[in-house]
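Have a look at the structure below before the remarks.
Number of protein chains: 2
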Amino acid sequence: MADDKALTPRAEDFSAWYNEVVQRAELADHSPVRGSMVIRPWGFGIWERMQRALDDMFKATGHENAYFPLLIPMSFIEREKEHVKGFKPELAVVTHAGGKELEEPLVIRPTSETIIYSMYAKWVQSYRDLPVLLNQWANVMRWELRTRLFLRTSEFLWQEGHTAHATDTEAQEETLRMLDVYRTFMEEWIAMPVVTGLKSDAEKFAGAVRTYTCEAMMQDRRALQAGTSHHLGQNFSRQFGLTFQSEEGREEYAWNTSWGVSTRLVGGMVMTHGDDTGIVVPPRLAPAQVVVVPIYRKEEEREGVVGKAHELRERLTDVGVRVRVDDRDHLNPGAKFYEWERKGVPFRLEIGPRDLAKEQVVLVKRVTAKGEDRKAFLPEAQAVAELPDRLDAFQGELLEAARARREAHSHRGVQSLDELKEILEGPGGFVYTGWSGDPEVEERVKAETKDTLRCIPDPDFRSETPPSRCIGGGESRMEVMWARAY
Amino acid sequence: MADDKALTPRAEDFSAWYNEVVQRAELADHSPVRGSMVIRPWGFGIWERMQRALDDMFKATGHENAYFPLLIPMSFIEREKEHVKGFKPELAVVTHAGGKELEEPLVIRPTSETIIYSMYAKWVQSYRDLPVLLNQWANVMRWELRTRLFLRTSEFLWQEGHTAHATDTEAQEETLRMLDVYRTFMEEWIAMPVVTGLKSDAEKFAGAVRTYTCEAMMQDRRALQAGTSHHLGQNFSRQFGLTFQSEEGREEYAWNTSWGVSTRLVGGMVMTHGDDTGIVVPPRLAPAQVVVVPIYRKEEEREGVVGKAHELRERLTDVGVRVRVDDRDHLNPGAKFYEWERKGVPFRLEIGPRDLAKEQVVLVKRVTAKGEDRKAFLPEAQAVAELPDRLDAFQGELLEAARARREAHSHRGVQSLDELKEILEGPGGFVYTGWSGDPEVEERVKAETKDTLRCIPDPDFRSETPPSRCIGGGESRMEVMWARAY
Numbered sequence: 001m002a003d004d005k006a007l008t009p010r011a012e013d014f015s016a017w018y019n020e021v022v023q024r025a026e027l028a029d030h031s032p033v034r035g036s037m038v039i040r041p042w043g044f045g046i047w048e049r050m051q052r053a054l055d056d057m058f059k060a061t062g063h064e065n066a067y068f069p070l071l072i073p074m075s076f077i078e079r080e081k082e083h084v085k086g087f088k089p090e091l092a093v094v095t096h097a098g099g100k101e102l103e104e105p106l107v108i109r110p111t112s113e114t115i116i117y118s119m120y121a122k123w124v125q126s127y128r129d130l131p132v133l134l135n136q137w138a139n140v141m142r143w144e145l146r147t148r149l150f151l152r153t154s155e156f157l158w159q160e161g162h163t164a165h166a167t168d169t170e171a172q173e174e175t176l177r178m179l180d181v182y183r184t185f186m187e188e189w190i191a192m193p194v195v196t197g198l199k200s201d202a203e204k205f206a207g208a209v210r211t212y213t214c215e216a217m218m219q220d221r222r223a224l225q226a227g228t229s230h231h232l233g234q235n236f237s238r239q240f241g242l243t244f245q246s247e248e249g250r251e252e253y254a255w256n257t258s259w260g261v262s263t264r265l266v267g268g269m270v271m272t273h274g275d276d277t278g279i280v281v282p283p284r285l286a287p288a289q290v291v292v293v294p295i296y297r298k299e300e301e302r303e304g305v306v307g308k309a310h311e312l313r314e315r316l317t318d319v320g321v322r323v324r325v326d327d328r329d330h331l332n333p334g335a336k337f338y339e340w341e342r343k344g345v346p347f348r349l350e351i352g353p354r355d356l357a358k359e360q361v362v363l364v365k366r367v368t369a370k371g372e373d374r375k376a377f378l379p380e381a382q383a384v385a386e387l388p389d390r391l392d393a394f395q396g397e398l399l400e401a402a403r404a405r406r407e408a409h410s411h412r413g414v415q416s417l418d419e420l421k422e423i424l425e426g427p428g429g430f431v432y433t434g435w436s437g438d439p440e441v442e443e444r445v446k447a448e449t450k451d452t453l454r455c456i457p458d459p460d461f462r463s464e465t466p467p468s469r470c471i472g473g474g475e476s477r478m479e480v481m482w483a484r485a486y
Numbered sequence: 487m488a489d490d491k492a493l494t495p496r497a498e499d500f501s502a503w504y505n506e507v508v509q510r511a512e513l514a515d516h517s518p519v520r521g522s523m524v525i526r527p528w529g530f531g532i533w534e535r536m537q538r539a540l541d542d543m544f545k546a547t548g549h550e551n552a553y554f555p556l557l558i559p560m561s562f563i564e565r566e567k568e569h570v571k572g573f574k575p576e577l578a579v580v581t582h583a584g585g586k587e588l589e590e591p592l593v594i595r596p597t598s599e600t601i602i603y604s605m606y607a608k609w610v611q612s613y614r615d616l617p618v619l620l621n622q623w624a625n626v627m628r629w630e631l632r633t634r635l636f637l638r639t640s641e642f643l644w645q646e647g648h649t650a651h652a653t654d655t656e657a658q659e660e661t662l663r664m665l666d667v668y669r670t671f672m673e674e675w676i677a678m679p680v681v682t683g684l685k686s687d688a689e690k691f692a693g694a695v696r697t698y699t700c701e702a703m704m705q706d707r708r709a710l711q712a713g714t715s716h717h718l719g720q721n722f723s724r725q726f727g728l729t730f731q732s733e734e735g736r737e738e739y740a741w742n743t744s745w746g747v748s749t750r751l752v753g754g755m756v757m758t759h760g761d762d763t764g765i766v767v768p769p770r771l772a773p774a775q776v777v778v779v780p781i782y783r784k785e786e787e788r789e790g791v792v793g794k795a796h797e798l799r800e801r802l803t804d805v806g807v808r809v810r811v812d813d814r815d816h817l818n819p820g821a822k823f824y825e826w827e828r829k830g831v832p833f834r835l836e837i838g839p840r841d842l843a844k845e846q847v848v849l850v851k852r853v854t855a856k857g858e859d860r861k862a863f864l865p866e867a868q869a870v871a872e873l874p875d876r877l878d879a880f881q882g883e884l885l886e887a888a889r890a891r892r893e894a895h896s897h898r899g900v901q902s903l904d905e906l907k908e909i910l911e912g913p914g915g916f917v918y919t920g921w922s923g924d925p926e927v928e929e930r931v932k933a934e935t936k937d938t939l940r941c942i943p944d945p946d947f948r949s950e951t952p953p954s955r956c957i958g959g960g961e962s963r964m965e966v967m968w969a970r971a972y
């Protein structure tokens, strides 16, 4: 499917650009079911690599995978009162099954705390059975009115970690450990820097005691909540009877945490690195890191360059590079270049008859810094030898560029609501201010600006000079970060 | 959770044994939602290894993964008339979502042909877009009245491959290619030999032109349908407008195939290899292939043997063996032996203070042939060096034992319905007979014996002398295999 129309430029309409690029890079498509998307092979290949990397990190921190039911009795969801308030409006409900009306309606899981902790209650008897450290890769459903591919769909794919601990302290450590796993993953794999911190009570997960978040800045300077880690206290263990006998022989309620990231991360990748040509996939996530395009005009040239292309694929595979050869005969090289640039492959190798004779290749980089050459003419052996390092370097450059952009649009020391408004309605970005902790101030800012308190940043992200005044007037008790959010 | 009660012996009540062993090996548990199970970490670890192996084989045969919606409009399911007849009685239906009644009910996918081919119709224009070779890992729902963990649950996990081709011939080749992938996987990974062949029209998939199957014999001599591969012809492409322009410029309907295996395979593994002590996990699927149990009585012995256990774990990990050290202090060695035998770990390494002094270990094999020693006293270095080969050998022995058992209970040359009944109501097994191809004969056998025509076996599995008489009388046109099935 050739599709040569240019994308709407980001500067003209970022939202239109996003919708177009996601479909035209063949990451995903709309389905006939309102609010549900189809993840196409290129998009799923990226998600698979995210899954693999996260899964390895979860296992390295002592977690195992398990699988719990898709359907949850309505009465379970209703048991934790903040939880039901948060999720009830978004539920999809199964009322009939096997040709009969069900006695009790079942909901498609919007998240699995209730069903999972009901099982832990069955499995855990003693402090010796703790901690329980499980993760589940699953689909979940939250009925949404306005949907956008990857960012907000009724059904999405995610992982949800659910743990049970003997003490509050251990649960808090776990909550922060997984927040740190997320931050590391987002930076090292998606090349997407994040600000981590604590959510205000108004913004925390329905049923949590504390929610920690990773907030990433997209190119339109809006915040994307990219992952959250919740300390659930004993809220769920009390409702589901998740108790254990302590070392001292007392019956106690366990302490729970839950943490999740979803296919939304693919949208975050797109909005962090994409340009007006297409998406850009960080090398560590790219299903193909290099595409080899043989170039020929005459049939007698074909065999030589196509043969060389496959030979290079093998040599690069041997040094650990993921390569595709695009040897389709019905497309000209220009159409292939355009397609793979749109799909964000980090490097392209071109080989024509003259290159063949000189044993050289043309290496083209998907994104370059100002003044950097896009094309390099390299001896074959050098290209093969250098590509692993060039891919690593490219991964690092993407992270640095995203970090520099975020810093350029971070506004610190903002004192007044007017100034906050001016920034967020103008250039946008992350705005750091003081806060008294008063929820009314938070509510007022949200009502007047449509912006939300994204988090109370962790020490790494706080301003050197702590703010003295609250954005709503009076004394500041903590620094907070505001942004318009997805 | 110590659980020392012996299992019901298989010979006494195979079905009770199965239900007990699945739960007590901590593979899975019943959930509060009728018909849905929870897959616990030990069971999920086995499933993960099955997934990884199959996924690699799918990719090696040119397939990519994608993801399609969980919910399907009721009208889609109703479009293919055999399909709806097969699946409608088992559907779970979402009638309300987001607090409102839906205009059209949505069903939770029982299988995804309809939604997937509706998308292919959008993506495919020309013969150049073919073949489309996609696979999806997903949960599906078929409302069942009588459920059994892994074997028959309302929700289960599976993969479903869906392909589109330009010609009938290519689709037929794909159908057989994937049948062969399944057979290879089941033999090489699950050590579960299968008979492959064609289903009769009465037993084929609802909507298929031809269904091929893998039939495995369980220890109670019943057949387990372990995987199927369907040639769908143009049945779905016609209903969903999946057309393409051929090389000659004609508009044509594509040819489809679909193929799937599910978490049922875990049940197949249990019923193929388990014994009265517990399950037996083939080494290639085992989350832990070796468990190291340090043995000590006095506190001063502890440090040495536990240290050695971890050292051995590292050395074995270096040679590619998956190892766990069971250094829990509150369980005695006997309880640990029992737990890991129940969970089917292929080998156990015991290390006590005397072994430490002699630099030797005690290696205990989970299943031995008649006359083979269970225990081997080996120098440490030798145990480490030999374990990879011993694991390979164990894998092979499991397959051979299962194959020998199947052959011992395969009855060929059976001529009369009385004889067939006698076998299947007595010792059981796979019974090969002639068949005229008349569906009335098939129906009569099923009604009188509760046994079903499992398949028309592929050449590899046919009797040396083809049967001349049909089991229902008259001339035979083909050899068929009958069994009582799960």
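These protein sequences, in sequence, are chains W and C. Quick note on numbering: the first sequence equals residues 1 to 486 in this note's numbering. Quick note on numbering: the second sequence equals residues 487 to 972 in this note's numbering. A virtual CB, placed ideally from N, CA and C, is assigned to each residue, including glycine. The model shown is predicted, which means the values in this text are computed figures rather than measured ones.
Within the same chain, 513, 752, 755, 767, 771, 772 and 773 come within 8 angstroms of residue 532(C) by CB-CB distance, once the 5 residues on both sides are set aside.
For the region 659-691 of chain C, no residue has a beta-carbon sitting nearer than 8 angstroms to a beta-carbon of chain W. Residue-level contact by beta carbon holds for residue 115(W) and chain C, with a gap shorter than 8 angstroms. Taken through DSSP and simplified to helix, strand or coil, residue 68(W) comes out as coil.
DSSP places residue 8(W) outside any alpha helix (DSSP H), giving it a letter other than H or E.
Looking at the DSSP output, residue 851(C) shares a beta bridge with 833(C).
Chain W has a Cβ within less than 8 angstroms of the Cβ of residue 553(C).
Residue 197(W) sits close to residue 213(W), with the two beta carbons spaced by under 8 angstroms. With its beta carbon less than 8 angstroms from one in chain C, residue 39(W) belongs to the interface. Inter-residue distance for residue 730(C) and residue 497(C) is about 57 angstroms (C-alpha atoms, whole angstroms). Residue nearest to residue 177(W) within the set 260(W), 416(W) and 414(W) is 260(W) (criterion: CA-CA distance). Contacts between residue 323(W) and chain C, judged by CB atoms closer than 9 angstroms, are missing: the closest CB pair is about 15 angstroms apart.
The beta-bridge partner set that DSSP reports for residue 588(C) is empty.
Taking CB atoms only, residue 651(C) has no neighbour in chain W less than 8 angstroms away. Rounded to whole angstroms, residue 297(W) and residue 615(C) show a C-alpha spacing of 23 angstroms. For the region 71-91 of chain W, residues whose beta-carbon sits nearer than 9 angstroms to a beta-carbon of chain C comprise 71, 72, 73, 76, 88, 89, 90 and 91. Of 5(W), 25(W), 124(W) and 16(W), the smallest CA-CA separation from residue 278(W) is found for 25(W). Shortest Cα-Cα distance from residue 880(C) to any of 541(C), 865(C) and 674(C) involves 674(C).
At least 8 angstroms separates the beta-carbon of residue 870(C) from that of residue 833(C). The shortest C-alpha to C-alpha distance from residue 471(W) to any of 340(W), 418(W), 53(W) and 328(W) is the one to 418(W). Residue 132(W) is positioned such that its CB atom lies closer than 8 angstroms to that of residue 164(W).
Using a CB distance cut-off of 8 angstroms, residue 581(C) counts as an interface residue toward chain W. For residue 235(W), the uninterrupted alpha helix (DSSP H) run begins and ends at 235-240, by DSSP.
Comparing C-alpha distances from residue 444(W) to each of 461(W), 79(W), 421(W) and 486(W) shows the shortest one belongs to 421(W). Shown in chain order are the members of the region 791-820 of chain C whose Cβ falls below 7 angstroms from a Cβ of chain W: 816. Non-local beta-carbon contacts of residue 121(W) in its own chain, meaning distances under 6 angstroms to residues more than five positions away in sequence, involve 240, 241 and 242 in chain order. The Cβ atoms of residue 610(C) and residue 558(C) do not sit closer than 8 angstroms to each other. Sixteen is the threshold: since fewer than 16 other Cβ atoms of the shown chains lie within 10 Å of the Cβ of residue 332(W), the residue is exposed. Here DSSP, grouped into helix, strand and coil, assigns residue 332(W) to coil.
Excluding its 5 nearest sequence neighbours in each direction, residue 51(W) has no C-beta neighbour in its own chain below 6 angstroms. In the structure shown, residue 458(W) falls within a coil segment according to DSSP collapsed to helix, strand and coil. Judged by pairs of C-beta atoms under 8 angstroms, the region 73-80 of chain W does not touch the region 210-230 of chain W, as fewer than three such pairs exist. Every alpha helix (DSSP H) of 4 residues or more that sits fully in the region 589-669 of chain C is shown, in chain order, as 599-609.
The Cβ atoms of residue 667(C) and residue 543(C) lie closer than 8 angstroms to each other. Residue state for residue 377(W) is assigned as strand, using DSSP reduced to three classes. For residue 683(C), the secondary structure class from DSSP, reduced to helix, strand or coil, is strand.
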